[in-house]
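**Student:**
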């Protein structure tokens with residue numbers, strides 16, 4: 001079977017197990033997504049008896065959902081190295097293999113991140129020339145397109161200067177296809193915007209970026225800081241997986257603390273509870289804008305195939321967001337575009353050609 | 001003159017220049033603090049003519065405020081190395097020197113962080129045995145005491161395992177004195193709570209922590225994640241200055257985006273604007289809890305003298321918070337306690353004695 005990247009009939013492979021809310025939340029997410037995307041079919045991997053029951057009850061899935069029976073599940077605390085050796089036969093492994101063998105255009109899983117990356121690397125392999133795959137996530141931001149992209153969100157705790165430049169190339173390609181930006185603005189996360197600050201690998205990457213930007217049609221805007229992750233100066237923020245993961249969880253924790261404090265403030269007195277009722281439409285508008293479920297889905301970049309990691313505690317709405325992201329990227333032919341973009345950029349960077357001379361900007 | 005650490009008459013040295021809002025915001029901050037602390041006097045460093053005018057207008061400062069005339073100011077973009085060579089005669093240098101020569105119990109400045117740390121290290125010198133000083137900041141949190149402490153917030157972008165252990169000792173001592181916690185719970189910031197995750201220096205520090213905890217009377221709770229910075233699992237979060245700075249700015253950016261979105265949601269329609277009026281008491285209660293000005297003030301730990309860095313854009317309220325923090329720590333005799341705590345911990349760690357055998361817990 002040929003790899004699926006055209007728009008005729010998109011197939012998405014979904015790991016139904018391994019999430020905190022079990023397969024029913026996942027199947028509900030597939031339903032939400034299926035209703036909006038009538039041209040998409042699904043391969044759903046997991047416990048056959050459970051899935052048969054769940055799918056039978058949902059009308060929109062009739063004839064569009066094929067169950068792939070797997071006996072085993074990767075748990076949240078299993079080590080990636082263990083899953084690499086013993087993961088065959090799990091729903092996660094099976095979901096990724098559907099991409100590997102060309103049956104599906106993308107795989108979506110809300111299982112253990114480390115294990116999913118390990119299985120994806122093992123089964124799909126890295127794109128030629130990519131040192132380190134990365135996970136890209138979208139964040140609510142002040143930009144008109146409402147989201148910024150950040151990578152790496154935790155594929156690996158390390159990243160040297162060359163890795164960071166590859167992240168920029170891949171992240172820009174992702175932003176072009178997921179956010180529809182012709183020339184994404186890319187910033188390198190640092191502790192100050194002056195050139196004399198920060199770690200050695202950041203200074204080295206800073207020197208290499210302008211060339212990569214010229215080849216890959218992005219605008220390199222230099223160093224950015226933590227507040228720019230949600231700001232409007234950059235569309236893509238590049239950092240190592242350690243810093244990206246800490247920033248993500250800090251932002252999630254902050255947003256949740258603020259929301260909880262707001263709720264407490266409104267529950268304090270009878271008058272404030274009445275005010276809250278009247279303010280409900282405003283508060284709902286606000287909640288929707290900040291809802292982390294809308295931006296659920298970390299995309300694995302740098303592999304021979306598309307894998308989307310959903311939050312482990314995703315409910316149906318969040319799961320649907322991750323599946324819709326996979327569909328959007330599959331429709332855009334993102335995987336092929338990324339592969340060609342990366343190949344061109346790496347070849348040009350390695351042979352030291354001048355910026356733009358072999359650019360394939362027209363294809364993306 | 002003897003160093004000031006008793007409670008008889010506390011003197012605080014304030015750098016009035018170098019902040020984004022100029023000396024009048026600083027002097028207003030001194031007024032706010034002076035009204036609450038009648039037993040405190042101030043040495044105010046900066047442009048004599050300007051300061052004379054500002055101080056003369058404020059009654060509460062009469063006879064409690066001595067102006068130290070300095071001609072020069074350290075600007076926000078001056079490099080630390082330049083200020084170290086050429087900073088004598090600036091208000092920042094002069095403010096730190098008042099601590100050095102024992103005239104003041106603490107110095108407060110809202111100038112350039114890098115320069116302030118460089119001048120503080122040069123003039124006050126590191127405590128014996130301390131490899132790397134750190135900046136500790138308080139964050140709003142879910143804990144009953146409302147704040148958590150995090151360090152390093154950007155004194156240095158690097159920290160090895162031994163540095164991280166020293167940060168834990170110093171941060172615990174700070175939390176004891178600033179937050180009044182008998183046995184602070186200390187967590188090490190990582191990308192997962194499992195022992196097999198994260199960078200090499202974190203794993204090494206993780207091994208060393210239990211011994212340090214025994215000696216220094218803190219509870220080591222293991223690895224924590226970004227969301228725990230604002231949570232209730234730990235009181236003190238230990239990390240390197242790069243990660244700490246990114247997390248701080250990410251949290252600030254998130255809180256600001258959330259607040260702005262909330263404001264927008266309430267301004268959308270005439271009904272929502274009316275609801276906002278009714279909700280005002282709740283919104284004010286909420287704003288106060290989240291107000292970053294309340295936790296203004298990064299404390300430099302590991303030097304022979306107390307220096308508090310205020311946010312560069314601090315207004316009078318924020319400036320007063322930083323000065324009040326300096327006063328609180330001076331009253332508690334924090335500097336002497338920290339010095340003895342660090343000396344004991346380092347000596348014990350270096351000679352490999354068993355936990356607690358030479359602990360000076362009673363003094364702190």
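Protein chains in written order, with full-length UniProt numbering: chain A, 1 to 364; chain B, 1 to 364. All C-beta atoms in this analysis are idealised placements derived from N, C-alpha and C, irrespective of residue type, glycine included.
Would you kindly work out how many angstroms separate the C-alpha atoms of residue 137 (chain A) and residue 341 (chain B), rounded to a whole number?
**Tutor:** Approximately 43 Å, taken between the alpha carbons.
**Student:** May I ask you to verify whether the region 77-84 of chain B touches the region 40-51 of chain B, counting CB pairs closer than 8 Å and requiring at least 3?
**Tutor:** Judged by Cβ distances under 8 Å, the region 77-84 of chain B makes no contact with the region 40-51 of chain B, as fewer than three pairs qualify.
**Student:** Is it buried or exposed for residue 82 (chain B), if we count other Cβ within 10 angstroms and need 16 for buried?
**Tutor:** By the 10 Å Cβ count, residue 82 (chain B) comes out exposed.
**Student:** Contact between the region 313-323 of chain B and the region 100-113 of chain B: three or more CB pairs below 8 Å?
**Tutor:** Flag = yes, the region 313-323 of chain B and the region 100-113 of chain B touch.
**Student:** Locate the alpha helix (DSSP H) running through residue 210 (chain B), then write down its first and last residues.
**Tutor:** Start and end: 200-216.
**Student:** So which residues of chain B does residue 268 (chain A) contact, with C-beta pairs closer than 9 Å?
**Tutor:** Within 9 Å Cβ-Cβ: 281, 282 and 285.
**Student:** Less than 6 Å between C-beta atoms, sequence neighbours within five positions excluded: which residues of the same chain meet that for residue 339 (chain A)?
**Tutor:** Hits under 6 Å: 127.
**Student:** Under a Cβ-count criterion, where at least 16 other Cβ atoms within 10 Å of its own Cβ denotes burial, should residue 52 (chain B) be classed as buried or exposed?
**Tutor:** It counts as exposed.
**Student:** Can you tell me the Cα-Cα spacing of residue 154 (chain B) and residue 219 (chain B), whole angstroms?
**Tutor:** Cα to Cα, the separation comes out at about 24 Å.
**Student:** So what does DSSP say about residue 243 (chain A), is it helix, strand or coil?
**Tutor:** Helix.
**Student:** Measure from the C-beta of residue 131 (chain B) to each C-beta in chain A and report whether the shortest distance is under 9 Å.
**Tutor:** It does not; no Cβ of chain A falls within 9 Å.
**Student:** At which residues does the alpha helix (DSSP H) containing residue 170 (chain A) begin and terminate?
**Tutor:** Residue 170 (chain A) -> alpha helix (DSSP H) spans 161-179.
**Student:** Suppose only complete runs of 4+ residues qualify. What are the alpha helix (DSSP H) ranges in the region 58-133 of chain B, listed by chain order?
**Tutor:** Complete alpha helix (DSSP H) runs here, min 4: 80-86, 91-100 and 113-124.
**Student:** Quick one: what's residue 235 (chain B) bridged to in DSSP?
**Tutor:** Residue 235 (chain B) pairs with nothing; no bridge assigned.
**Student:** If you follow the alpha helix (DSSP H) that residue 34 (chain A) is in, where does it begin and where does it stop?
**Tutor:** 22-36 is the span of the alpha helix (DSSP H), which, as asked, contains residue 34 (chain A).
**Student:** Within a Cβ cutoff of 7 Å, which residues of the same chain sit near residue 39 (chain A), ignoring the five residues on either side of it in sequence?
**Tutor:** Result list for residue 39 (chain A): 9 and 10, in chain order.
**Student:** Which residues in the same chain as residue 20 (chain B) place their Cβ atom closer than 7 Å to its Cβ, once the five residues preceding and following it in sequence are excluded?
**Tutor:** Once the five neighbours on either side are set aside, the close Cβ partners of residue 20 (chain B) are 312 and 313.
**Student:** According to the neighbour-count rule (16 or more other Cβ atoms, all chains shown, within 10 Å of its Cβ), is residue 210 (chain A) buried or exposed?
**Tutor:** Residue 210 (chain A) is exposed by the Cβ-count criterion.
**Student:** Using a Cβ-Cβ distance cut-off of 9 Å, determine whether residue 236 (chain A) contacts chain B.
**Tutor:** No, because no Cβ of chain B sits closer than 9 Å to the Cβ of residue 236 (chain A).
**Student:** Quickly, what does DSSP pair residue 249 (chain A) with across the bridge? List them, please.
**Tutor:** Answer is none; residue 249 (chain A) lacks a bridge partner.
**Student:** I want to verify the contact list: residues of chain A whose CB lies under 9 Å from the CB of residue 187 (chain B), in sequence order.
**Tutor:** None at all; the shortest Cβ gap to chain A is about 13 Å.
**Student:** Taking Cβ positions only, does residue 229 (chain B) come closer than 9 Å to chain A?
**Tutor:** Yes, its Cβ sits closer than 9 Å to a Cβ of chain A.
**Student:** Quick check on the burial criterion: 16 or more other C-beta atoms within 10 angstroms. Buried or exposed for residue 303 (chain B)?
**Tutor:** So residue 303 (chain B) counts as buried.
**Student:** Using 9 Å as the limit for Cβ to Cβ distance, is residue 260 (chain A) near chain E?
**Tutor:** In the structure shown, chain E does not exist; the protein chains are A and B.
**Student:** Which residues, taken in chain order from the region 290-320 of chain A, show a beta carbon closer than 9 Å to some beta carbon of chain B?
**Tutor:** Against chain B - using a Cβ distance shorter than 9 Å - the residues of the region 290-320 of chain A are 290.
**Student:** Residue 233 (chain B) CB to nearest chain A CB: under 9 Å?
**Tutor:** Not closer than 9 Å to any Cβ of chain A, the Cβ of residue 233 (chain B) fails to qualify, so no.
**Student:** Since residue 98 (chain B) and residue 16 (chain B) should fall inside the 8 Å C-beta cutoff, what is the C-beta to C-beta distance between them, to a whole number of angstroms?
**Tutor:** Residue 98 (chain B) to residue 16 (chain B), Cβ: 13 Å. No contact.
**Student:** Taking only beta carbons into account, state which residues of the region 244-257 of chain B come closer than 8 Å to chain A, listed in chain order.
**Tutor:** Those would be 245, 246, 247, 248, 249, 250, 251, 252, 253, 254, 255, 256 and 257, in chain order.
**Student:** In terms of alpha-carbon separation, which member of A:192, A:135, A:55 and A:247 lies closest to residue 225 (chain A)?
**Tutor:** Cα-wise, what sits closest to residue 225 (chain A) is A:192.
**Student:** Provide the residue span of the alpha helix (DSSP H) that contains residue 288 (chain B), from first to last.
**Tutor:** Looking at the DSSP string, the run of the alpha helix (DSSP H) that includes residue 288 (chain B) is 270-290.
**Student:** Taking the runs of the beta strand (DSSP E) that are 3 residues or longer, which of them lie wholly in the region 287-345 of chain B?
**Tutor:** DSSP runs (the beta strand (DSSP E)) wholly in the region 287-345 of chain B: 298-301 and 306-309.
**Student:** So which of A:31, A:223 and A:94 has the shortest CA-CA distance to residue 165 (chain A)?
**Tutor:** Measuring from the Cα of residue 165 (chain A), the nearest candidate turns out to be A:223.
**Student:** With a threshold of 16 other CB atoms inside 10 Å of the CB of residue 180 (chain B), please say whether the residue is buried or exposed.
**Tutor:** It is exposed - the Cβ of residue 180 (chain B) has fewer than 16 other Cβ atoms within 10 Å.
**Student:** What's the gap between the Cα of residue 214 (chain B) and the Cα of residue 151 (chain B)?
**Tutor:** Taking the straight line joining both Cα atoms gives about 20 Å.
**Student:** Which first and last residues belong to the alpha helix (DSSP H) in which residue 224 (chain A) is found?
**Tutor:** That residue, residue 224 (chain A), is in no alpha helix (DSSP H); its beta strand (DSSP E) goes 219-224.
**Student:** Of all the CB atoms in chain B, is at least one closer than 9 Å to the CB of residue 225 (chain A)?
**Tutor:** Cβ-Cβ to chain B under 9 Å: yes for residue 225 (chain A).
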